[in-house]
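Single-structure report; data block below.
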Amino acid sequence: MSEPIWPEQTRGSLNAELRRAVEHLADAPQLLVALDFDGTLSPLVAHADEARPLPRAAAAFRRLSSLEGTTTALVSGRSLASLRAVAQPAPETLLVGSHGAEVWLGAGSTGLVLDPAQQALLEKVHQVLEEVAQVAPGCWVEEKPAGAVLHTRQATAEDAVDAEAAARHLLEREPGVHLMNGKRVLEASVVRSSKGEALDFLRTVLGPVAVLYAGDDTTDETAFARLDTNPGLPHPDLGVKVGEDFTAAQFRVPSPEGVADLLEILFSHRSRHQGDKGHNDLPY
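The opening position of the sequence shown corresponds to residue 24 in our numbering, with each subsequent residue numbered one higher.
See below:
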């Protein structure tokens, strides 16, 4: 794997190789632009309910959703209800929540339905994580339709490690419970799913020529692994990691501000390629 490339640390500027890749991707006849939300479209915050997308990133993402041959999607570990509340996406944007367990493709999409055994297991998962959080200062539990998340970002590093270890010990041998680690979170779900599987599903349904995927978390690595980045393709997929963690993505940006730069450049070149001068009002 080649070393991922860092963009230049200046507003509105990407590394030359990443910029070229984005400009080339802008010509794809059918393009899917899929993003994680927390840490990607929005900076990470102490409490999930406080997250909001960066205005520049949100504006460019919304403009992209209006272009011909362009589909935008948010692929998040959040529940769909939480994702809608904080992201306030354009009506055209497709939504994937709970790491793929919940999918909204527009009017008529069916919601997640658990069978009785899964529902009983979900109640047990909630109970176990709540009991752990009660004895771990700074930890709290987020409930989801298919699972629950132990948040440890507000705890000390030592308390966070102890809480996650305790929760994992209590749940990892429970049949039907699937555990996923993220950035200072441990998620337990009663439905097996991943962002990679969600991206495969979107590709099957939409049939895009190329995909841009950006994310910051360990859970986004399953999506990066699904991208076809073969340089021999007319329009290879493009993966962009946000932050410094190890990744399978070809490129990096240091923060959500870099995602905003990337989306603005993509919109500018894609709208110019389509002759959409009326919408091309970004400074690139």
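The beta carbon of each residue, even a glycine, is placed where N, CA and C say it ideally should be. Note that the structure is a prediction, hence the values are computed from the model and not measured.
Check your understanding: To the nearest angstrom, how far is it from the Cα of D239 to the Cα of Q53?
Key -> One C-alpha to the other measures close to 25 Å.
Point to revise | Cβ-Cβ distance between L37 and D284 below 8 Å | key: Taking 8 Å as the cut-off, the Cβ atoms of L37 and D284 count as close.
Check your understanding: When the distance is taken between beta carbons, is P76 closer than 8 Å to L64?
Key -> Annotated as proximal: L64 and P76, with beta-carbon spacing under 8 Å.
Review point. Excluding the five sequence neighbours on either side, which residues of its own chain have a C-beta within less than 8 Å of the C-beta of A329, listed in chain order?
Key: Here the chain covers residues 24 to 307 and nothing more, so residue 329 does not appear.
Practice item. Kindly list the residues whose CB is nearer than 8 Å to the CB of A248, restricted to its own chain and excluding five residues on each side of it in sequence; keep chain order. Key: Non-local beta-carbon contacts of A248 in its own chain, meaning distances under 8 Å to residues more than five positions away in sequence, involve G219 and A271 in chain order.
Point to revise | 7 Å CB neighbourhood of L144 in its chain, flanking five on each side removed | key: Close CB contacts of L144 within its chain, under the 7 Å cut and outside five residues either way in sequence, are with G199, V200 and V213 (chain order).
Check your understanding: In three-state DSSP terms, what is A39?
Key -> Reduced to three states, the DSSP call for A39 is helix.
Check your understanding: If we call anything under 8 Å between Cβ atoms a contact, is A83 one with F290?
Key -> Yes.
**Study point:** Element boundaries [beta strand (DSSP E), containing K167]
**Key:** Here the beta strand (DSSP E) through K167 covers W163 to K167.
**Study point:** Cβ-based neighbour list, E91, same chain, cut-off 7 Å, excluding 5 preceding and 5 following
**Key:** Hits under 7 Å: Q297.
Review point. Using the beta-carbon count (16 or more within 10 Å), is L256 buried or exposed?
Key: L256 should be labelled exposed.
Practice item. Would you give the residue range spanned by the alpha helix (DSSP H) that A180 belongs to? Key: A180 to L194 is the extent of the alpha helix (DSSP H) around A180.
**Study point:** Rounded C-alpha distance that separates A190 from A178
**Key:** C-alpha separation (whole angstroms): 15 Å.
Review point. Nearest-angstrom Cα distance between V126 and V119?
Key: Roughly 5 Å between the two C-alpha positions.
Practice item. Take the Cβ of E244 as the centre, count every other Cβ of all protein chains shown within 10 Å, and call the residue buried at 16 or more, exposed below. Key: Counting the other CB atoms within 10 Å of its CB gives E244 a total of 16 or more, which places it among the buried residues.
Review point. Taking buried to mean at least 16 other C-beta atoms within 10 Å of its own C-beta, is R293 buried or exposed?
Key: R293 is classed as buried because its beta carbon has at least 16 other beta carbons within 10 Å across all chains shown.
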